[in-house]
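So the structure is just underneath, and the comments pick up after that.
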Amino acid sequence: MALIITNLTKKYNTQKPALTDYSININKGVLGLLGPNGAGKSTLMKIIATISKPSSGTLLLDGADIVQKPDTIRKVLGYLPQDFGVYPNLNAYEFLEYIAAMKGIGGKRLRQRIDLLLEGVNLTADAKRPIGTYSGGMKQRIGIAQALLNDPKVLIFDEPTVGLDPEERMRFRQLISDLAHDCIIILSSHIVSDIETIADEVAIMQDGKLITHAPQYDIIKQAEGRIFEVLLETNTLNQFKNQYKVIDTARQSDRIKVRYISTKDNVAPESISVTATLEDAYLFLTHKNG
Ligand SMILES: Nc1ncnc2c1ncn2[C@@H]1O[C@H](COP(=O)(O)OP(=O)(O)O)[C@@H](O)[C@H]1O
Ligand SMILES: [Mg+2]
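If you're matching positions, the sequence shown starts at 1 in full-length UniProt numbering and goes up one per residue.
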């Protein structure tokens with residue numbers, strides 16, 4: 001299964017396009033879409049989900065044009081929108097049955113499938129309660145379950161980990177890795193750590209453009225040798241920030257430990273070179289292009 005996106009541009013009624021000449025090849029596995037708010041992640045996902053039409057460009061799923069023939073992807077699609085509205089008076093069972101009916105899923109095994117999904121998102125005990133009484137994390141989990149109803153081959157989750165607590169995040173990760181074998185899974189986030197543990201490949205977006213798309217390991221490699229740490233007197237931090245791109249700071253007794261981006265021949269005295277993380281690479285790459 002492969003999704004090939006070529007020269008995709010999306011203009012809303014604004015000056016600046018939300019996506020500009022965006023091309024990417026997506027194969028099976030988990031792709032993490034990473035980018036600051038406004039980068040165009042949701043726009044891209046809506047276009048893949050055929051909720052929104054591109055201004056120009058092509059999207060081919062195994063050779064079939066999904067803009068001309070949206071049914072080719074809709075049949076195999078699971079989609080969790082960023083703003084997922086629910087029906088407050090339905091309970092989890094009723095809601096999933098309703099979504100199943102809308103998607104044309106029925107038959108003897110539906111009940112079984114719903115039970116399995118509720119188990120998977122840990123909502124079995126609350127399945128008879130109206131969704132209106134759910135917490136934010138529980139609503140998000142019912143959203144994840146509805147995306148999985150039809151045993152999808154293309155799964156799109158827009159900011160799925162928003163509102164999930166650490167345990168729920170772990171469960172979500174588990175669910176994704178159970179599903180990942182034969183599907184295309186696209187997850188978006190503006191938080192690096194959400195993507196870090198789940199995604200095989202990462203695509204970094206900024207201002208409607210693709211900055212890089214590679215396996216996580218290769219993305220991190222791009223920042224190698226560019227990340228440093230130094231201990232500073234607290235009152236020199238502001239001046240330091242004028243000179244270097246600071247990633248992170250942490251108090252260390254009466255001084256401050258600063259993690260920053262630079263080049264080997266332009267480091268502050270007594271700096272040490274440190275191993276880059278995905279977070280470092282993300283900030284390095286978006287800083288470089290910003
Ligand atoms: N329906 C819309 N009408 C006009 N502009 C929009 C609309 N949706 C998104 N945008 C704009 O498109 C850009 C990309 O937005 P979006 O795709 O939501 O980014 P992200 O999901 O990465 O935060 C932003 O500048 C946003 O304001
Ligand atoms: Mg978004």
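Cβ atoms here follow ideal geometry from the backbone N, Cα and C, with glycine treated the same way.
Q | N-terminal and C-terminal residue of the beta strand (DSSP E) that Asn27 is part of | A | Run containing Asn27: 19-27, per the beta strand (DSSP E) assignment.
**Q.** Three-state secondary structure (DSSP) of Gln206
**A.** Note: Gln206 maps to strand in three-state DSSP.
Q. Can you tell which of Asp165, Leu149, Ala147 has the C-alpha that lies nearest to the C-alpha of Gly136?
A. Sorting Asp165, Leu149, Ala147 by C-alpha distance to the C-alpha of Gly136 places Asp165 at the top.
(Q) Please state the DSSP three-state secondary structure of Gln252. (A) Three-state result, Gln252: strand.
Q.
Closest to Thr277 by C-alpha separation, out of Ile142, Ala100, Arg259, Asn238, would be which residue?
A. Nearest Cα to Thr277 within the set Ile142, Ala100, Arg259, Asn238: Arg259.
Q. Is Asp178 helix, strand or coil when you go by DSSP?
A. In the displayed model, Asp178 falls within a helix according to three-state DSSP.
Q) Out of Gln68, Gly63, Tyr12, Thr72, which has the shortest C-alpha to C-alpha gap to Leu44? A) Leu44 has its Cα closest to that of Tyr12, out of Gln68, Gly63, Tyr12, Thr72.
Q.
So, for Lys46: in the same chain, excluding its five sequence neighbours on each side, which residues have a beta-carbon less than 7 Å away from its beta-carbon?
A. For Lys46, where only same-chain residues beyond five positions count, the Cβ hits under 7 Å are Ser52.
Q. Under 7 Å from any heavy atom of ligand 2, does the C-beta of Gln82 make it?
A. Relative to the non-hydrogen atoms of ligand 2, the Cβ of Gln82 comes within a distance shorter than 7 Å of at least one.
Q. On the premise that Pro54 lies in contact with Thr9, defined as a C-beta separation below 8 Å, what is that separation, rounded to the nearest angstrom?
A. For Thr9 against Pro54, the beta-carbon gap comes to about 7 Å, under 8 Å, which counts as contact.
Q) On the three-pair Cβ rule with 8 Å, is the region 233-246 touching the region 63-71? A) At 8 Å Cβ cutoff, the stretches do not touch.
Q) In its own chain, which residues sit with a C-beta less than 6 Å from the C-beta of Leu117, not counting the 5 before and 5 after it? A) Excluding the 5 residues flanking it on each side, Leu117 has same chain C-beta neighbours closer than 6 Å at Ala145, Leu148, in chain order.
(Q) Tell me the rounded alpha-carbon separation between Ala250 and Ile105. (A) Using only the alpha carbons, I get a separation of about 52 Å.
Q.
Please tell me whether, using a cut-off of 7 Å, the distance from the CB of Lys16 to the nearest non-hydrogen atom of ligand 3 is below it.
A. Looking for ligand 3 in the displayed structure turns up nothing; the ligands present are ligand 1 and ligand 2.
Q | Inter-stretch contact at 8 Å, needing at least 3 Cβ pairs: the region 174-188 / the region 206-224 | A | Contact fails: fewer than three Cβ-Cβ distances are below 8 Å.
Q. With 16 other CB atoms within 10 Å as the buried threshold, where does Asn91 fall?
A. It counts as buried.
(Q) Shorter than 7 Å, the distance from the beta carbon of Glu270 to the closest heavy atom of ligand 2, or not? (A) For Glu270, the shortest separation between its Cβ and any heavy atom of ligand 2 does not lie below 7 Å.
(Q) For Gln252 and Asn122, I'd like the C-alpha separation in whole angstroms. (A) A direct Cα-Cα distance of roughly 41 Å separates Gln252 from Asn122.
Q. So, using beta-carbon positions, are Asp62 and Met102 closer together than 8 Å?
A. No, the pair does not count as a contact, with Cβ atoms beyond the cut-off.
Q | Residue range of the alpha helix (DSSP H) that includes Gly137 | A | Per DSSP, Gly137 belongs to the alpha helix (DSSP H) from 136-147.
Q: Could you tell me how far apart the beta carbons of residue 322 and Tyr22 are, in whole angstroms, since I believe they sit closer than 8 Å?
A: There is no way to answer for residue 322, as the model of the chain reaches only from 1 to 290.
Q | Gly29 versus Thr133, Lys241, Leu179, residue with shortest Cα-Cα distance | A | Considering only alpha carbons, the answer is Leu179.
Q: Grab the span of the alpha helix (DSSP H) containing Ala100 for me, first residue to last.
A: Per DSSP, the unbroken alpha helix (DSSP H) holding Ala100 starts and ends at 92-103.
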